[in-house]
Amino acid sequence: VCLDPCEKFQCPRGKVCEVNEKYRPVCVCQDPTTCPLSTSLSERVCGTDNKTYDNPCLLFTTQCALERTKQGHRLHLDYTGPCRYVAPCQDKELVQFSRQIHDWLKNTVVHLYEYDIQNPGSLTRKHRKIVKKIYEIHKHLKAGNKASHLLSNNFEVNYLLNVYPVHWQFGQLDQKPADGYLTHSELAPLRGLLAPVDHCASRFFDECDSNKDKNISLTEWCSCFGLKDGDHSKELHG
Ligand SMILES: [Ca+2]
Ligand SMILES: [Ca+2]
């Protein structure tokens with residue numbers, strides 16, 4: 001009895017394994033009619049084409065059928081749930097959205113330090129040292145003190161308060177692979193979190209890729225948050 005070559009062969013979503021004439025496993029587009037019938041509305045997802053699909057299987061089989069076309073290249077899962085009417089995001093709102101996300105990242109870094117106090121070892125030593133500094137500057141600022149005396153210069157204060165959180169988030173997302181670029185799937189967790197709650201999220205992430213090569217570089221990412229080259233081209237030492 002021969003082993004089925006497809007038995008341990010994994011295909012990406014939207015594709016199924018087939019045995020070809022050389023008895024080798026190959027991935028081919030899955031027939032959409034073989035997708036499980038959705039009995040629950042909760043399986044619906046919204047694609048980046050702003051169409052609602054009854055379940056992720058239908059979206060991924062459509063994506064496969066459109067593969068190598070411009071349309072298919074742009075089709076991804078945008079968020080779970082049916083597509084909502086999204087009011088166009090105005091320029092002013094986009095700037096405000098970027099500020100809000102920036103503030104949220106800054107707060108996240110402060111909370112990281114608080115979390116690490118409760119759960120020691122969650123941060124690396126180098127990371128904790130920086131996060132602790134940020135935490136302390138925040139405490140001083142809250143108390144109405146000027147923070148700049150804590151550090152040698154304003155570049156350092158600006159780096160820690162404004163730039164580091166943006167770099168940190170980039171590093172958190174840039175994992176598969178960690179190559180200095182964010183792909184659509186690396187961004188998906190953040191996009192999926194923000195897109196359903198803010199109508200500027202999609203525009204923000206799309207425009208972040210300013211050279212339209214489908215990847216977001218660290219420089220592009222930083223300029224999305226209004227950071228200038230001079231703010232982040234230097235790394236902090238010590
Ligand atoms: Ca990457
Ligand atoms: Ca790019």
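In UniProt numbering, the protein residues as written are 1 to 238. Just so it is clear, CB atoms sit at the ideal spot from N, CA and C, and this is done for glycine as well.
{"Check": "Min CB distance H184 to chain D below 8 Å", "Outcome": "Of the protein chains in the structure, only one exists, and it is not chain D."}
{"Check": "Within 8 Å, strictly: CB atoms of I204 and C224", "Outcome": "Ile is not the amino acid found at residue 204; the sequence shown has Phe there. Contact: yes."}
{"Check": "Cα-Cα separation, C6 to R74", "Outcome": "29 Å"}
{"Check": "Top-ranked residue by Cα proximity to Q106, from I130, S122 and A87", "Outcome": "Before going further, note that residue 106 is Lys rather than Gln in the sequence given. The shortest C-alpha separation from K106 is found at I130."}
{"Check": "D179: CB within 7 Å of a non-hydrogen atom of ligand 1", "Outcome": "yes"}
{"Check": "Cα-Cα separation between L236 and S98, rounded to whole angstroms", "Outcome": "In this prediction, L236 scores a pLDDT of 47, lower than 50, which makes its location untrustworthy; the coordinate-derived value is nonetheless stated afterwards. Whole-angstrom Cα-Cα distance: 24 Å."}
{"Check": "D174 classed as buried or exposed, judged by whether at least 16 other C-beta atoms fall within 10 angstroms", "Outcome": "buried"}
{"Check": "Where L66 sits in the DSSP three-state scheme", "Outcome": "coil"}
{"Check": "Distance CB(C89)-CB(C46) smaller than 8 Å", "Outcome": "no"}
{"Check": "Every unbroken alpha helix (DSSP H) within the segment 87-158, with a cutoff of 4 residues, ordered by chain", "Outcome": "91-118, 125-142 and 154-158"}
{"Check": "C-alpha distance - D116 paired with H102, whole-angstrom precision", "Outcome": "21 Å"}
{"Check": "For D4, the three-state DSSP class (helix, strand or coil)", "Outcome": "coil"}
{"Check": "Assigned exposure category for L3 - 16 Cβ within 10 Å defines buried", "Outcome": "exposed"}
{"Check": "Cβ neighbours of G238 in the same chain (closer than 8 Å, five flanking residues each side left out)", "Outcome": "For G238, the predicted structure reports a pLDDT of 37, less than 50, and the residue's modelled location is therefore unreliable. A value from the coordinates is still provided. So the list is empty, once near-sequence residues are dropped."}
{"Check": "Selection from K22, C11, A195 and Q100 that minimises the alpha carbon distance to C29", "Outcome": "C11"}
{"Check": "8 Å contact criterion, which H138 and V166 should meet: CB distance rounded", "Outcome": "Contact flag wrong, Cβ pair sits at about 16 Å."}
{"Check": "Rounded straight-line distance, which links the Cα of A188 to that of P36", "Outcome": "24 Å"}
{"Check": "The beta strand (DSSP E) enclosing V166, as first and last residue numbers", "Outcome": "No beta strand (DSSP E) contains V166, which is instead part of the alpha helix (DSSP H) from Y164 to L173."}
{"Check": "D78: first and last residue of the uninterrupted alpha helix (DSSP H) it sits in", "Outcome": "Not the alpha helix (DSSP H): D78 falls in the beta strand (DSSP E), residues L77 to T80."}
{"Check": "Euclidean distance between Cα positions of N158 and Y135", "Outcome": "14 Å"}
{"Check": "Bridge-paired residues (DSSP) for K212", "Outcome": "According to DSSP, which records beta bridges pairwise, K212 is partnered with nothing at all."}
{"Check": "Proximal residues to S122 (C-beta, below 7 Å), its chain only, five neighbours per side dropped", "Outcome": "Y115 and D116"}
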